[in-house]
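Q: Input: one structure, supplied below.
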Amino acid sequence: MMRFLLIAAAVIAIYFLPAGLKNYGIYIVTLWSVYVIAGMGLNLTVGYAGQISLGQAAFWGIGAYTTAIALKAGLPFLAALPLAALLCFGVGLLLGFPALRVQHHYLAFATLGFNILVYLVLRNEDWLTGGSFGINNIAEPTLLGWRISRPLDFFQFTWIATVAMGVLMALLLRSPWGRAFAALRDNPIRAESVGIDTTFYTLLAFAIGAAYAGVAGAFFACLVGFIEPAPFGVNTSLSMLLMVIAGGSGRFFGPAIGAMIVVLIPEWLRFAAEWYLAIFGVMIVVMMVWLPGGILSLPERLRGAK
Amino acid sequence: MTALLDVQAMQKAYGAIRAVDGVSFSVASGEILGVIGPNGSGKTTLFNAILGQVLPSAGSVAFEGHDVTGSKPLHLARRGIGRTFQSLQVFGKLSVRDNLIAAGQEFGTGKFARLFAAPEAGLGPRAEEIIALFRIGHVAHLPAGSLSYGQQKLVDIAMAFMSRPRLVLLDEPCAGVNPALIDQLTELLRRLNREAGTTFIVIEHNMDFVMNLCSRVICMAQGRILAEGPPAEVQANRAVLEAYLGA
Ligand SMILES: Nc1ncnc2c1ncn2[C@@H]1O[C@H](COP(=O)(O)OP(=O)(O)O)[C@@H](O)[C@H]1O
Ligand SMILES: [Mg+2]
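Protein sequence lines, in the order shown, are assigned to chains U and B. Counting in our numbering, the first sequence runs from 118 upward without gaps. Counting in our numbering, the second sequence runs from 55 upward without gaps.
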């Protein structure tokens, strides 16, 4: 109950907080919110179901391009969004197949290869994606005739979607499916021997994780108004995986914390100019060595140390 | 009456090693069959070949009259065969209770119905029953991976019973378990056999346990069945004694 109230308070506070920020600040917080959605999906795949993926940014890109193209074609945002999610779900299902055969670093490379493939398609298929010029003037989303054009309104819209996706994820994790995902992660051989269809749950872990990235991509397209292939490369997939691990893989709020690290810290480190990547890198190394369970494992670590 | 499980001419070779080399036996419903034999005699491989964990090189397995040779572990579980492994196999990060529910939730309803089912999939009472039976109530809320070896072993065994299987294969359930717990386990398995009619095949080195529990014993050596019969008879068998001494 206490926990629930705290979470509710945080959700409401975040909803109103950016009102005091300038447009750029609002942009950063919205970007954070978008990353949280993609991170929740990846946390399901990696943290809860025990798979590995270096391809989340590809789904993010598929979601963004699907939305941009659908909006250009005159579809409303509320139709483009499920389209993006469904397409990613389908492609995610396909990406699950390599995971049935290989694991660990092999799977990491298989998913990485997939990301490169998607990147190349985005860059080379000009007729569809605009090639390296990308797609610009992406329409602002309209909800029941109301055009969401103020940055703050768009943030609040994104945040409501993030919370909704979070609630869905929590329900999924609490359902028997959530337990099956964890069983698959903890011990796939034992899981099979107690009737858990690991093939099915492996595929679904990828597909649902990908669908979350698709939703995130839809919001990203509208946030920036202009997309090109660059943000959807392997670098971003690495950042997203870092996000999940740094926040606390397999912890519900891990992606929210992790996204802060990936989105906010580079902003704070701007003062360090060209040193920022080096400082960021050292922080990550230190954290992975001393806190492999992520930021959210800190309380347990401190309790354990007493 | 057809046997519950019927294994014919089972073979499993790893390269030049014939881990299981032509084993045939059958188990009647309600029986408790012991499998003994020196280390490396092929007992675990026999289990794995029966249970679809490895593909047999030759031979056949029938369960309740259906040919299940080479069936996947998943399908054998759904058909009503439970098992435990020689090494500990629990879901380490899940609580003991969740381990049990995970071991029972995939039976019955369809997968998509389960997505919308209550979190415990209606298995709370069954889990409580098993927890009480195995006396693991005091650790039920802890992550299974955090328990002592003996307790994890109990959880591991308990998991095999969640789905009310008709046949359970146990691979060295007593290994690394303290004597008091072994007595408790003997009592438990007897009770599950008597009350639920569950049939068992148990690989075990602990001869007291085998003598107390099993109605029939198979002794394996070098991938073959060396002797078969009532426990006392097999234990006194010359060839069996020599196999153990020679190993
Ligand atoms: N995966 C494997 N690859 C190669 N050889 C194996 C494998 N599994 C078991 N063996 C060999 O098969 C023989 C029987 O092993 P096992 O079935 O584990 O015996 P037991 O359970 O009776 O101790 C041993 O010689 C073992 O080395
Ligand atoms: Mg063995």
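From the three backbone atoms N, C-alpha and C, an ideal C-beta is built for every residue, glycine too.
Tell me, which residues are paired with S114 (chain B) by DSSP?
A: Within the second sequence, numbered from 1, the residue matching residue 114 (chain B) stands at position 60. Bridge partners of S114 (chain B): B:Q62.
Q: Out of B:A250, B:M261 and B:L169, which has the shortest C-alpha to C-alpha gap to R220 (chain B)?
A: In the second sequence, the residue the question calls residue 220 (chain B) occupies position 166. The shortest C-alpha separation from R220 (chain B) is found at B:A250.
Q: Measuring from the CB of G94 (chain B), is there a heavy atom of ligand 1 at a distance below 7 angstroms?
A: Along the second sequence, one-based indexing puts residue 94 (chain B) at 40. Yes, the beta carbon of G94 (chain B) sits closer than 7 angstroms to at least one heavy atom of ligand 1.
Q: Chain U partners of S83 (chain B), CB-CB under 9 angstroms?
A: As a working note, residue 83 (chain B) is residue 29 in the second sequence. By Cβ distance, chain U contributes nothing, its closest Cβ being about 21 angstroms from S83 (chain B), past 9 angstroms.
Q: Can the beta-carbon of G283 (chain U) be found less than 8 angstroms from the beta-carbon of M157 (chain U)?
A: Here residue 283 (chain U) corresponds to residue number 166 of the first sequence, with the count starting at 1. Here residue 157 (chain U) corresponds to residue number 40 of the first sequence, with the count starting at 1. Yes, these two residues count as a Cβ contact at 8 angstroms.
Q: Taking the alpha-carbon of I277 (chain U) as reference, which of U:A125, U:L123, U:V163 and U:Y132 has the nearest alpha-carbon?
A: The count along the first sequence starts at 1 and reaches residue 277 (chain U) at position 160. Checked all of U:A125, U:L123, U:V163 and U:Y132; the closest Cα to I277 (chain U) is U:Y132.
Q: Which of helix, strand or coil does DSSP assign to S80 (chain B)?
A: The sequence position of residue 80 (chain B) within the second sequence is 26, counting from 1. It is a strand residue.
Q: In terms of alpha-carbon separation, which member of B:A157, B:A281, B:R244 and B:G283 lies closest to S310 (chain U)?
A: Sequence index remark: in the first sequence, residue 310 (chain U) carries index 193 (1-based). The residue with the shortest Cα to Cα distance from S310 (chain U) is B:A157.
Q: When you compare the stretch 68 to 79 of chain B with the stretch 100 to 113 of chain B, are there three or more beta-carbon pairs, one atom per stretch, that lie closer than 8 angstroms?
A: Contact between the stretch 68 to 79 of chain B and the stretch 100 to 113 of chain B is present, because at least three Cβ pairs lie under 8 angstroms.
Q: Would you say the stretch 324 to 339 of chain U touches the stretch 198 to 210 of chain U, given that touching needs at least three Cβ pairs under 8 angstroms?
A: Result yes; three or more Cβ-Cβ pairs closer than 8 angstroms.
Q: Going by beta carbon distance, what residues of the same chain come within less than 6 angstroms of I257 (chain B), once the five residues before and after it are set aside?
A: As a first step, residue 257 (chain B) must be located in the second sequence, where it is residue number 203. Excluding sequence neighbours, I257 (chain B) sits near V89, K97, D225 and E226.
Q: Flag I179 (chain U) as yes if its beta-carbon sits less than 8 angstroms from any beta-carbon of chain B, otherwise no.
A: Residue mapping note: residue 179 (chain U) aligns to position 62 of the first sequence, counting from 1. It does not; no Cβ of chain B falls within 8 angstroms.
Q: Kindly say whether A300 (chain U), judged by its beta-carbon, lies nearer than 8 angstroms to any beta-carbon of chain B.
A: As a position in the first sequence, residue 300 (chain U) is number 183, starting the count at 1. So yes, A300 (chain U) belongs to the interface.
Q: Does the Cβ-Cβ distance between L320 (chain U) and L210 (chain U) come in under 8 angstroms?
A: For the purposes of this step, residue 320 (chain U) is identified with residue 203 of the first sequence, where counting begins at 1. For the purposes of this step, residue 210 (chain U) is identified with residue 93 of the first sequence, where counting begins at 1. Yes; because the gap between Cβ atoms is below 8 angstroms, this pair is in contact.
Q: Buried or exposed for V379 (chain U), going by 16 or more other Cβ atoms inside 10 Å?
A: Here residue 379 (chain U) refers to the residue found at position 262 of the first sequence. By the 10 Å Cβ count, V379 (chain U) comes out buried.
Q: If you count every other CB in all the chains shown that lies within 10 Å of the CB of E160 (chain B), and 16 or more means buried, which is it?
A: Residue 160 (chain B) sits at position 106 when you count from the first residue of the second sequence. E160 (chain B) should be labelled buried.
Q: Tell me, which residues are paired with I257 (chain B) by DSSP?
A: Residue numbering aside, residue 257 (chain B) sits at position 203 when the second sequence is read from its first letter. B:V89 and B:D225, per the DSSP bridge assignment.
Q: Mapping the DSSP letters down to three states, classify M157 (chain U) as helix, strand or coil.
A: Counting from 1 along the first sequence, the entry for residue 157 (chain U) is found at position 40. Here M157 (chain U) sits in helix by DSSP.
Q: Give me the Cα-Cα distance between G365 (chain U) and A216 (chain U), rounded to the nearest whole angstrom.
A: Sequence index remark: in the first sequence, residue 365 (chain U) carries index 248 (1-based). Sequence index remark: in the first sequence, residue 216 (chain U) carries index 99 (1-based). Spanning the two alpha carbons is a distance of roughly 22 angstroms.
Q: Count the other CB atoms within 10 Å of the CB of K139 (chain U); is the residue buried (16 or more) or exposed (fewer)?
A: Counting from 1 along the first sequence, the entry for residue 139 (chain U) is found at position 22. That one is exposed.
Q: For chain C, find out if any of its Cβ atoms is closer than 8 angstroms to the Cβ of D60 (chain B); answer yes or no.
A: Checking the listed chains, one finds no chain C in this structure; the protein chains it contains are U and B.
Q: Examine chain B for any beta-carbon lying closer than 8 angstroms to the beta-carbon of A297 (chain U), and answer yes or no.
A: As a working note, residue 297 (chain U) is residue 180 in the first sequence. Taking Cβ atoms only, chain B reaches closer than 8 angstroms to A297 (chain U), which makes this a yes.
Q: Quick one: does the C-beta of I143 (chain U) sit closer than 7 angstroms to a heavy atom of ligand 1?
A: The residue you call residue 143 (chain U) lines up with position 26 of the first sequence. Flag unset: Cβ of I143 (chain U) not near ligand 1.
Q: Quick one: grab the DSSP three-state call for H120 (chain B).
A: Here residue 120 (chain B) refers to the residue found at position 66 when the second sequence is read from its first residue. If DSSP states are grouped into helix, strand and coil, H120 (chain B) belongs with the strands.
Q: In the DSSP assignment, the alpha helix (DSSP H) including R302 (chain U) goes from what residue to what residue?
A: Stepping through the first sequence from its first residue, residue 302 (chain U) is reached at position 185. First-last of the alpha helix (DSSP H) with R302 (chain U): P293 to D303.
Q: Does the beta-carbon of D225 (chain B), which I'm using as the reference point, lie nearer than 7 angstroms to any heavy atom of ligand 2?
A: Numbered from its first residue, the second sequence carries residue 225 (chain B) at position 171. Yes, Cβ of D225 (chain B) sits closer than 7 angstroms to a heavy atom of ligand 2.
Q: Could you give the first and the last residue of the continuous alpha helix (DSSP H) run that contains A286 (chain B)?
A: Taking the first residue of the second sequence as position 1, residue 286 (chain B) is located at position 232. First-last of the alpha helix (DSSP H) with A286 (chain B): P285 to A290.
Q: Where does I34 (chain B) fall in DSSP's three states?
A: Past the boundaries of the shown model lies residue 34 (chain B); chain B is included only from 55 to 301, so the question cannot be answered.
Q: With a threshold of 7 angstroms, establish whether the CB of G167 (chain B) neighbours any heavy atom of ligand 1.
A: Stepping through the second sequence from its first residue, residue 167 (chain B) is reached at position 113. Position check: residue 167 (chain B) holds Ala in this sequence, whereas Gly was assumed. For ligand 1, not one heavy atom lies less than 7 angstroms from the Cβ of A167 (chain B).
Q: Can you give the beta carbon distance from V151 (chain U) to A333 (chain U), rounded, assuming they're within the 8 angstroms contact cut?
A: As a working mapping, residue 151 (chain U) is identified with position 34 in the first sequence. As a working mapping, residue 333 (chain U) is identified with position 216 in the first sequence. About 5 angstroms; that satisfies the 8 angstroms criterion.
Q: Do D152 (chain B) and R296 (chain U) count as a contact pair if the criterion is CB distance below 8 angstroms?
A: What you label residue 296 (chain U) is simply residue 179 of the first sequence in a count that begins at 1. What you label residue 152 (chain B) is simply residue 98 of the second sequence in a count that begins at 1. Yes, the Cβ-Cβ distance between R296 (chain U) and D152 (chain B) is below 8 angstroms.
Q: According to DSSP, is T259 (chain U) helix, strand or coil?
A: Position 142 of the first sequence, counted from the first residue, corresponds to residue 259 (chain U). T259 (chain U): strand per DSSP, three-state reduction.
Q: For chain B, check one thing: does any of its Cβ atoms lie closer than 8 angstroms to the Cβ of G312 (chain U)?
A: Start at 1 with the first residue of the first sequence, and residue 312 (chain U) comes out as number 195. Cβ-Cβ to chain B under 8 angstroms: yes for G312 (chain U).
Q: With a threshold of 8 angstroms between beta carbons, is P285 (chain B) in contact with chain U?
A: Locating residue 285 (chain B) in the second sequence gives position 231, where the first residue counts as 1. For P285 (chain B), the answer is no, since every Cβ of chain U falls outside 8 angstroms of its Cβ.
Q: Chain U partners of D152 (chain B), CB-CB under 8 angstroms?
A: Taking the second sequence and counting its residues from 1, the one referred to as residue 152 (chain B) is at position 98. Correct list: R296 and A299.
Q: Hey, how far is the Cα of R278 (chain B) from the Cα of R292 (chain B)?
A: As a first step, residue 278 (chain B) must be located in the second sequence, where it is residue number 224. As a first step, residue 292 (chain B) must be located in the second sequence, where it is residue number 238. In a straight line, the C-alpha of R278 (chain B) is about 16 angstroms away from that of R292 (chain B).
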